[in-house]
Amino acid sequence: MSRPGLARQSLAILGKDLALEWRNRARVVAVVLFGVLVLLLFSLAFGDKGTQVLQVTAGGCLVIALFLSSTLSLQESFRTEDHDDALEGLLLLPTEPASIFYGKALANTFFLVALAPVLIPVTTLIYQVSLGPTQVLQIAGLWLAAAAGLAAPGTLYAGLTTRLKSQDVLMPLLLFPLEVPVLLATVKAFGLVFDGDPMGQLSSWTQLIVAFDVIYWCLCGVLFRFVVEEAA
Amino acid sequence: MKKMHAFGLVGLALIIVGSIYGLTASPPERHMGDVSRILYVHVPTAWNCLLIYLFAFGFAIASLWTGKQRWDIATTAAIETGVVLNILLLGTGMIFAKPTWGIWWDWDVRLTTSLIALIFYAAILALRTFIDDPNRRATLTAVTCIISFVDVPLIYFGVRWWRSLHQIQSSPETMAETMVFPMRVNAFAVLFISIWFMLLRARIERSKLESDEVVEPPVRRAMATA
Amino acid sequence: MSSTPLVCAGLGRRFGTKWALAHIDLSVAPASVTLLAGANGSGKTTLLRIVAGLVRPTLGQVLVFGQDPRIATSYCRQRSSLVSHRGFLYPGLTALETLRLWSSLLTPDNGDNELLELLGSVGLGDEAHSDTSRFSAGMRKRLTLLRVRLENPDLVLLDEPFAALDPAGQVLIESWVGELKARGTTIIMASHAIERAKALCDSAVLLEQGQIAWMGEAAKMPTPGTDLEAQ
Numbered sequence: 397m398s399r400p401g402l403a404r405q406s407l408a409i410l411g412k413d414l415a416l417e418w419r420n421r422a423r424v425v426a427v428v429l430f431g432v433l434v435l436l437l438f439s440l441a442f443g444d445k446g447t448q449v450l451q452v453t454a455g456g457c458l459v460i461a462l463f464l465s466s467t468l469s470l471q472e473s474f475r476t477e478d479h480d481d482a483l484e485g486l487l488l489l490p491t492e493p494a495s496i497f498y499g500k501a502l503a504n505t506f507f508l509v510a511l512a513p514v515l516i517p518v519t520t521l522i523y524q525v526s527l528g529p530t531q532v533l534q535i536a537g538l539w540l541a542a543a544a545g546l547a548a549p550g551t552l553y554a555g556l557t558t559r560l561k562s563q564d565v566l567m568p569l570l571l572f573p574l575e576v577p578v579l580l581a582t583v584k585a586f587g588l589v590f591d592g593d594p595m596g597q598l599s600s601w602t603q604l605i606v607a608f609d610v611i612y613w614c615l616c617g618v619l620f621r622f623v624v625e626e627a628a
Numbered sequence: 061m062k063k064m065h066a067f068g069l070v071g072l073a074l075i076i077v078g079s080i081y082g083l084t085a086s087p088p089e090r091h092m093g094d095v096s097r098i099l100y101v102h103v104p105t106a107w108n109c110l111l112i113y114l115f116a117f118g119f120a121i122a123s124l125w126t127g128k129q130r131w132d133i134a135t136t137a138a139i140e141t142g143v144v145l146n147i148l149l150l151g152t153g154m155i156f157a158k159p160t161w162g163i164w165w166d167w168d169v170r171l172t173t174s175l176i177a178l179i180f181y182a183a184i185l186a187l188r189t190f191i192d193d194p195n196r197r198a199t200l201t202a203v204t205c206i207i208s209f210v211d212v213p214l215i216y217f218g219v220r221w222w223r224s225l226h227q228i229q230s231s232p233e234t235m236a237e238t239m240v241f242p243m244r245v246n247a248f249a250v251l252f253i254s255i256w257f258m259l260l261r262a263r264i265e266r267s268k269l270e271s272d273e274v275v276e277p278p279v280r281r282a283m284a285t286a
Numbered sequence: 102m103s104s105t106p107l108v109c110a111g112l113g114r115r116f117g118t119k120w121a122l123a124h125i126d127l128s129v130a131p132a133s134v135t136l137l138a139g140a141n142g143s144g145k146t147t148l149l150r151i152v153a154g155l156v157r158p159t160l161g162q163v164l165v166f167g168q169d170p171r172i173a174t175s176y177c178r179q180r181s182s183l184v185s186h187r188g189f190l191y192p193g194l195t196a197l198e199t200l201r202l203w204s205s206l207l208t209p210d211n212g213d214n215e216l217l218e219l220l221g222s223v224g225l226g227d228e229a230h231s232d233t234s235r236f237s238a239g240m241r242k243r244l245t246l247l248r249v250r251l252e253n254p255d256l257v258l259l260d261e262p263f264a265a266l267d268p269a270g271q272v273l274i275e276s277w278v279g280e281l282k283a284r285g286t287t288i289i290m291a292s293h294a295i296e297r298a299k300a301l302c303d304s305a306v307l308l309e310q311g312q313i314a315w316m317g318e319a320a321k322m323p324t325p326g327t328d329l330e331a332q
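Protein chains in written order, with the working numbering: chain A, 397 to 628; chain B, 61 to 286; chain C, 102 to 332.
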């Protein structure tokens with residue numbers, strides 16, 4: 397008997413994760429508030445240095461807020477899988493591990509993108525940065541690319557560390573060094589958008605983030621089965 | 061004498077030759093003077109660090125593909141050796157930076173990506189300590205090693221992609237002939253010593269596994285069948 | 102492809118220094134019902150999980166319909182189904198949503214009407230829109246049985262199917278096993294409820310400390326703990 401294809405299975409997993417997160421939306425609100433808190437703390441740390449310092453650091457602080465919020469979101473995505481061995485149940489149907497990966501990674505991308513409508517306006521407010529409509533679109537596009545870049549390896553590493561002791565430490569320890577290209581490129585790109593990109597460098601940084609996304613969405617999809625299958 | 065020690069002996073001999081030549085026979089660099097001589101250690105270490113991480117990548121793929129323990133042993137030995145070389149390259153890089161540019165650390169892209177590589181390979185070694193089952197440990201080590209190595213090419217191409225204070229990437233064509241010789245000799249020296257370290261480390265791991273070997277229990281009793 | 106549902110040859114599995122299974126040589130005939138009996142820790146669950154391809158054997162070989170479940174994973178899992186004491190459920194999803202998820206990952210994809218009928222057939226019709234995290238152990242087991250119905254496998258692996266079920270639930274399991282048997286499905290059942298399970302099974306295997314201590318017709322199976330050499 398044949399099984400549904402990769403896309404259909406991934407969409408089924410995506411739907412499941414979105415439904416579960418909607419039921420648990422109080423937690424989503426808490427993660428958003430956490431992101432706002434990080435922005436606030438950074439602004440307090442740098443605020444006494446003057447408005448210019450705040451504006452210059454706005455992009456970096458926004459990206460760090462995204463990164464730190466992402467660990468809470470990513471780790472949670474596998475807690476429901478472990479609760480009643482639900483992930484094992486999916487594998488036994490059988491469901492292709494790659495489908496589980498792409499479904500969950502898409503859901504995680506969605507959750508990280510959902511942080512943007514709150515964190516970006518808060519940044520413009522606290523860090524005294526103004527954005528025109530074009531800049532908002534540019535930031536939104538960069539945010540999507542950065543979220544995808546976090547979600548792919550993040551989903552794999554969340555699955556990898558989910559049953560290990562000290563998961564809350566191991567996951568960021570493994571993920572954040574790997575994400576440095578996304579961090580650097582996104583911070584640079586955000587800064588260029590805030591400054592109006594006088595030298596036209598935005599596309600090179602964007603290409604770097606997109607290249608990272610393409611590489612890791614493919615690679616992690618292939619490797620995910622080794623992470624979730626103990627007997628693989 | 062075990063064959064593996066030949067690598068160590070050759071490596072030590074080469075490093076003595078390369079270092080003596082580098083310290084005495086080759087001339088000081090036109091702009092940096094005698095400070096540049098540390099490059100005869102720093103650059104070969106950097107090349108070999110990258111090469112050892114490439115070995116680890118290959119061993120990791122073999123480990124996932126075959127599931128055989130010897131490839132996990134090889135992967136771990138390569139990662140550990142790579143981490144040691146990584147620490148040395150950062151140290152020698154900082155020693156070079158201070159008299160040359162006046163600062164120990166300048167967030168130069170190549171040094172920064174070397175530091176990042178050190179952190180994520182050290183994290184892989186930390187991850188291993190949290191996993192009891194040897195097969196699971198081998199699988200997850202291989203997965204993280206493969207994912208991490210994809211970041212390593214940034215070290216090699218960093219100078220071309222970003223403006224950098226770092227020395228323009230050294231290659232024999234940009235150096236005087238008298239500088240090429242000690243650089244090459246030391247490159248091979250570090251390679252041989254690294255291989256020796258990896259083989260020693262693998263031998264230690266294998267003998268630990270042999271002493272932990274648990275034999276299958278005897279058949280309990282003749283099975284009664286109805 | 103072989104039609105023999107299960108063949109184990111010299112199978113062994115070690116966790117740390119302890120051998121959970123050793124010297125397992127076993128062959129299960131098609132359309133048979135086999136009881137796997139033994140005390141806690143005798144290796145029953147480990148054996149079922151190896152057959153399901155979830156655990157790698159340390160030694161020996163296991164073939165499910167002629168294929169190694171670690172290599173031909175998809176094939177073996179399509180033809181078999183594991184019912185464990187875990188429900189494989191997502192807290193937060195309703196019973197209907199859970200079935201919908203499983204159904205969408207299988208073919209054919211059943212519509213809501215068929216899924217509601219299925220829920221009704223196991224006495225969960227009124228709970229279709231209830232969160233499964235609030236289900237009792239018996240209700241969770243019934244939901245898991247529906248999973249097997251959706252999968253429609255040739256080999257069913259049951260790990261303690263009677264556990265946590267009230268008498269009505271146990272009767273349900275018995276009739277369900279009977280239905281599967283009538284359809285020619287091969288069943289391997291690990292159970293402590295020896296007397297109840299024996300009545301359903303053709304053959305039995307008794308495990309003691311990870312090894313086969315006895316194998317034969319289910320009706321003639323000795324009580325676990327009996328000195329087998331005295332027989």
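Yeah, the Cβ is synthetic: ideal placement off N, Cα and C, and Gly gets one too.
- Of all residues in the segment 472-495 of chain A, only THR476, GLU477, HIS479, ASP480, ASP481, ALA482, LEU483, GLU484, GLY485, LEU486, LEU487, LEU488, LEU489, PRO490, THR491, GLU492 and SER495 come within less than 9 angstroms of chain C when Cβ atoms are compared, listed by chain position.
- Taking the CA atoms as reference points, B:VAL70 sits about 11 angstroms from B:VAL77.
- Between the C-alpha atoms of B:VAL101 and B:THR152 there is a straight-line separation of about 8 angstroms.
- C:ILE289 is bridged by DSSP to C:THR135 and C:LEU258.
- Here the alpha carbons of C:VAL223 and A:VAL624 stand approximately 32 angstroms from one another.
- A straight line joining the alpha-carbon of C:LEU160 with that of C:GLY142 spans about 19 angstroms.
- Between B:PRO277 and the set C:VAL108, C:LEU164 and C:THR118, the nearest pair of CA atoms involves C:THR118.
- Under the 8 angstroms criterion on CB atoms, A:VAL583 is classed as non-interfacial with respect to chain B.
- Judged by DSSP secondary structure, B:HIS102 falls within the alpha helix (DSSP H) whose first and last residues are 99-126.
- With fewer than 16 neighbouring CB atoms inside 10 Å of its own CB, A:LYS445 falls in the exposed class.
- With contact defined as three or more Cβ pairs closer than 8 angstroms, the segment 201-221 of chain C and the segment 511-524 of chain A are not in contact.
- When the beta-carbon positions are compared, C:VAL184 and C:THR287 stay at least 8 angstroms from each other.
- Near chain A, meaning a CB-to-CB distance below 7 angstroms, the residues of the segment 194-205 of chain B are ARG196, THR199, LEU200, VAL203 and THR204.
- Judged by DSSP in its simplified three-state form, C:CYS302 adopts coil rather than helix or strand.
- In this structure C:LEU244 is in contact with C:GLY188, their Cβ atoms being roughly 7 angstroms apart against a cut-off of 8 angstroms.
- Rounded to the nearest whole angstrom, the C-alpha separation of A:GLU626 and A:GLY499 is 20 angstroms.
- By the neighbour-count definition (other C-beta atoms within 10 Å, threshold 16), A:THR447 is an exposed residue.
- Residue environment for B:THR201: buried (at least 16 other C-beta atoms within 10 angstroms of its C-beta).
- Here C:VAL108 carries a strand assignment [DSSP, helix/strand/coil].
- Between B:ARG280 and chain C, the shortest Cβ-Cβ separation is below 8 angstroms.
- Think of a sphere of 7 angstroms around the beta carbon of A:PHE622: the chain B residues whose beta carbon falls inside it are LEU124, THR199 and VAL203, in chain order.
- Taking the C-beta atoms as reference points, B:PHE180 is found nearer than 8 angstroms to A:PRO573.
- Listed along chain A are LEU566 and LEU570, each with a C-beta nearer than 7 angstroms to that of B:LEU187.
- Any Cβ of chain C closer than 8 angstroms to the Cβ of B:GLU276 would place that residue at the interface, and such an atom is present.
- Each of A:THR453, A:LEU468 and A:ALA544 was checked against the Cα of A:PHE430, and the nearest Cα belongs to A:LEU468.
- Here B:PRO159 has VAL95 as same chain residues with Cβ atoms under 7 angstroms from its own Cβ, once five neighbours each way along the sequence are excluded.
- Short of 8 angstroms from the beta carbon of C:LYS145, and not among the five residues preceding or following it, lie these beta carbons of its own chain, in chain order: LEU137, ALA138, GLY139, ASP260, ALA291 and LEU308.
- The segment 607-615 of chain A and the segment 233-248 of chain B do not touch, with fewer than three beta-carbon pairs separated by less than 8 angstroms.
- The beta-carbon of C:ARG157 is placed less than 8 angstroms from the nearest beta-carbon of chain B.
- In this chain, the alpha helix (DSSP H) harbouring A:GLY456 covers 447-479.
- Judged by DSSP in its simplified three-state form, C:LEU308 adopts strand.
- At a Cβ-Cβ threshold of 8 angstroms, B:LEU72 and B:ALA106 do not count as neighbours.
- For the segment 129-145 of chain C, the beta-carbon criterion of a distance under 7 angstroms to any beta-carbon of chain B is satisfied by none of its residues.
- Counting only residues of its own chain and dropping the five nearest sequence neighbours on each side, B:CYS205 has a CB closer than 7 angstroms to the CB of ALA116, PHE117, ALA120, THR135, ILE139 and ILE184.
- Residues of the segment 163-181 of chain B with a Cβ closer than 7 angstroms to any Cβ of chain A, in chain order: ILE176, ILE179 and PHE180.
- Interface flag for A:GLN448 against chain C is unset, since no Cβ pair is found closer than 8 angstroms.
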